[in-house]
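Residue numbers (the numbering used here): 6 to 373. Notes for the one structure printed next.
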Amino acid sequence: MNSSVDQLLTSYHYDLPAELIAQTPVVPRDRSRLLVVEPDDGYQHRHFHDIGDFLAAGDLLVFNNTRVIPARVYGFKTTGAPVEILLLSEQQHNCWIALVKPGRKLKIGTQIVFPARNPQSKIPQITATITARDETTGGRLLQFDLPHEIPLISILADFGELPLPPYINASQSTPEQYQTVYAKVPGAVAAPTAGLHFTPELLDRLTAQGIKQAHVTLHVGVGTFRPVEAEDITTHQMHHEWLEISPETVAQIEATKAAGGKVYAVGTTAVRVLETAAQTGKLQPYSGDTNIFIYPGYKWRVVDGAITNFHLPGSSLMMLVSAAIGRQRLLDLYQIAIEDSYRFYSFGDAMLIPVQSVSSSTSSPPPK
6 MNSSVDQLLT SYHYDLPAEL IAQTPVVPRD RSRLLVVEPD DGYQHRHFHD IGDFLAAGDL
66 LVFNNTRVIP ARVYGFKTTG APVEILLLSE QQHNCWIALV KPGRKLKIGT QIVFPARNPQ
126 SKIPQITATI TARDETTGGR LLQFDLPHEI PLISILADFG ELPLPPYINA SQSTPEQYQT
186 VYAKVPGAVA APTAGLHFTP ELLDRLTAQG IKQAHVTLHV GVGTFRPVEA EDITTHQMHH
246 EWLEISPETV AQIEATKAAG GKVYAVGTTA VRVLETAAQT GKLQPYSGDT NIFIYPGYKW
306 RVVDGAITNF HLPGSSLMML VSAAIGRQRL LDLYQIAIED SYRFYSFGDA MLIPVQSVSS
366 STSSPPPK
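Below, the structure written as structure tokens:
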């Protein structure tokens with residue numbers, strides 16, 4: 006493997022016909038297609054509901070149970086000028102980092118009024134004041150004027166909407182289609198999309214087959230979907246996302262490994278949780294931020310396999326998958342998927358991949 010090529014941003018480009026960008030999920034969800042990548046050079050065209058054929062009793066599926074919040078909120082300045090914000094993360098109680106439009110005209114001290122979208126809301130409007138600029142995201146820090154006992158996140162459903170990716174036509178889908186069926190912990194601004202293929206019936210069937218399930222949390226941030234901009238990808242600085250892996254989940258993983266089972270991460274976010282929690286060399290419970298960047302040459306510590314969708318060109322997600330199966334092989338498989346009319350991106354089809362260290366020439370720094 007030529008590691009210098011693997012470190013170039015231009016090496017992660019491919020051409021995708023616009024008609025293959027999925028605008029709606031398949032119904033039922035598990036009728037989406039599944040490209041099964043075999044450890045050698047082989048692959049199979051299947052459907053997602055067949056995934057149990059490639060898992061064994063005693064294997065463990067690790068899901069990210071984050072729930073997408075209605076993070077896109079519309080309001081106006083006291084002058085009447087319209088404002089749009091995308092909430093990213095809470096820094097202190099009711100104080101959030103947000104991307105704002107129009108950014109240049111929203112200076113520190115500006116007050117914004119947000120009327121309730123739900124006419125039945127007990128709170129007809131809320132206000133926020135811009136208190137600072139966030140240099141990391143280019144966004145603003147907004148302090149919301151609410152009674153202390155009312156967390157903003159608890160009333161967001163009355164004011165905001167789910168922030169669907171820009172390549173999806175919101176009129177063609179419903180908000181619940183952008184949540185996994187096991188979504189539980191609110192805090193993400195984007196869905197862990199590999200999990201969108203699971204139905205309750207499929208989960209029950211896998212359990213009956215002896216395949217175990219565990220949950221972690223990583224609140225997916227908007228940075229996940231931003232393309233890498235540095236031509237030398239090793240200089241790219243990953244965004245921070247909050248995660249949690251419990252002692253119980255760590256124990257499940259250790260028991261699975263000890264019994265000879267495999268650990269499959271459902272999505273790149275679950276991958277990042279598990280690998281972050283093992284950066285000291287031993288998997289351990291962890292709660293806090295991660296900015297781990299996985300690209301070819303990464304030394305895998307926990308994950309044996311992963312379920313993942315087809316990702317945007319030049320994205321850190323493509324680089325993570327390349328670290329598991331090799332960059333050129335990934336590009337070859339993407340071309341096969343394009344020629345066979347697979348559906349791409351958030352509402353698209355899935356891949357089941359083995360995870361193996363494809364090169365030892367580069368490695369990711371530990372999370373900061």
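The beta-carbon is built from N, C-alpha and C at its ideal position, and this holds for glycine as well. Everything numeric in this text was worked out from a predicted model, so none of it was measured.
Check: Can you tell me the Cα-Cα spacing of residue 87 and residue 80, whole angstroms?
Finding: As a first step, residue 87 must be located in the sequence shown, where it is residue number 82. As a first step, residue 80 must be located in the sequence shown, where it is residue number 75. CA-to-CA, the gap between residue 87 and residue 80 works out to about 6 Å.
Margin query: From the DSSP secondary-structure annotation, give me the bridge partner or partners of residue 66.
Written below: As a working note, residue 66 is residue 61 in the sequence shown. Partner(s): 218, 269.
Item checked: Coil, strand or helix - residue 106 by DSSP -> The residue labelled residue 106 in the question sits at position 101 within the sequence shown. Residue 106: strand per DSSP, three-state reduction.
Notebook entry, point to check: In chain order, what residues of the same chain lie with their CB nearer than 6 Å to the CB of residue 249, ignoring the 5 residues before and after it?
Noted result: On the sequence shown, position 244 is the one that residue 249 refers to. Contacts found: 222, 292.
Margin query: Count Cβ pairs between the region 87-106 and the region 147-157 that sit closer than 8 Å; are there 3 or more?
Written below: yes
Notebook entry, point to check: What whole-angstrom Cβ distance do residue 197 and residue 69 have, given they're in contact under 8 Å?
Noted result: By 1-based counting over the sequence shown, the position of residue 197 is 192. By 1-based counting over the sequence shown, the position of residue 69 is 64. Going by Cβ atoms, the distance from residue 197 to residue 69 rounds to 4 Å, so yes, they are a contact pair.
Notebook entry, point to check: Touch check for the region 277-292 and the region 326-345: three-plus C-beta pairs under 8 Å?
Noted result: no
Next item on the list: Could you check which residue in 24, 324, 311 has the C-alpha nearest to that of residue 302?
Entry: Taking the first residue of the sequence shown as position 1, residue 302 is located at position 297. That would be 324, whose Cα lies nearest to the Cα of residue 302.
Note to self: Taking the beta carbon of residue 85 as the centre, do at least 16 other beta carbons fall within 10 Å, making it buried, or is it exposed?
What the structure shows: In the sequence shown, residue 85 corresponds to position 80, counting from 1. Looking at its Cβ environment, which holds fewer than 16 other Cβ atoms inside 10 Å, residue 85 is exposed.
Checklist line | Buried or exposed by the 16-neighbour rule on C-beta atoms within 10 Å, applied to residue 50 | finding: Start at 1 with the first residue of the sequence shown, and residue 50 comes out as number 45. Counting Cβ neighbours within 10 Å, residue 50 comes out exposed, since fewer than 16 surround it.
Check: With 16 as the cutoff for other CB atoms within 10 Å, does residue 12 come out buried or exposed?
Finding: Within the sequence shown, numbered from 1, the residue matching residue 12 stands at position 7. With 16 or more Cβ atoms within 10 Å of its Cβ, residue 12 is classed as buried.
Margin query: List, from N- to C-terminal side, the alpha helix (DSSP H) runs of 4 residues or more that fit wholly inside the region 279-335.
Written below: 321-330
Check: Quick check: the region 52-68 against the region 200-218, are there 3 or more CB pairs under 8 Å?
Finding: Output reads yes: the region 200-218 touches the region 52-68.
Margin query: Short of 6 Å in beta carbon distance, which residues of its chain neighbour residue 163, apart from the five on each side in sequence? Order them along the chain.
Written below: Looking up residue 163 in the sequence shown gives position 158. Residues 121, 123, 126 of the same chain have their beta carbon placed closer than 6 Å to that of residue 163, with the five preceding and five following residues left out of the count.
Next item on the list: For the region 265-285 and the region 306-316, state whether three or more C-beta atom pairs, one from each stretch, are separated by less than 8 Å.
Entry: yes
Notebook entry, point to check: residue 47 by DSSP, collapsed to three states: which one?
Noted result: Mapped onto the sequence shown, residue 47 falls at position 42. Coil, per DSSP.
Check: Tell me, which residues are paired with residue 52 by DSSP?
Finding: Your numbering for residue 52 matches position 47 in the sequence shown. Per DSSP, 38.
Next item on the list: Give the C-beta separation of residue 338 and residue 48 to the nearest angstrom, bearing in mind that I take them to be a contact with Cβ-Cβ under 8 Å.
Entry: In the sequence shown, counting from the first residue as 1, residue 338 sits at position 333. In the sequence shown, counting from the first residue as 1, residue 48 sits at position 43. Rounded, the Cβ-Cβ distance is 7 Å, consistent with contact.
Margin query: If I follow the unbroken beta strand (DSSP E) through residue 134, where does it start and stop?
Written below: Numbered from 1 along the sequence shown, position 129 holds the residue referred to as residue 134. It spans 130-138 - the beta strand (DSSP E) in which residue 134 sits, taken as one unbroken run.
Next item on the list: Have a look at 236, 92, 353 and flag the residue whose alpha-carbon is nearest the alpha-carbon of residue 16.
Entry: Looking up residue 16 in the sequence shown gives position 11. Answer by Cα proximity: 236.
Next item on the list: Along the alpha helix (DSSP H) that carries residue 255, what are the first and last residues, could you check?
Entry: The residue you call residue 255 lines up with position 250 of the sequence shown. From DSSP, the alpha helix (DSSP H) with residue 255 extends over 252-263.
Next item on the list: On a CA-only basis, which of 245, 232, 256, 169 is nearest residue 76? Give me that one, please.
Entry: The residue you call residue 76 lines up with position 71 of the sequence shown. With distances taken between Cα atoms, residue 76 lies closest to 169.
Check: Within the chosen definition, does the region 202-211 reach the region 109-121 through at least 3 CB pairs nearer than 8 Å?
Finding: No, they do not touch.
Next item on the list: With DSSP as the reference, label residue 76 as helix, strand or coil.
Entry: Residue numbering aside, residue 76 sits at position 71 when the sequence shown is read from its first letter. Reduced to three states, the DSSP call for residue 76 is coil.
Notebook entry, point to check: Any idea if residue 176 is buried or exposed, counting beta-carbon neighbours within 10 angstroms, 16 or more meaning buried?
Noted result: Stepping through the sequence shown from its first residue, residue 176 is reached at position 171. Result: exposed.
Notebook entry, point to check: Which same chain residues, not among the five before or five after residue 134, have their C-beta less than 8 Å away from its C-beta?
Noted result: On the sequence shown, residue 134 is found 129 positions in, with the first residue counted as 1. Closer than 8 Å at the Cβ level, and outside the excluded window around residue 134, lie 114, 115, 116, 117, 147, 148, 150.
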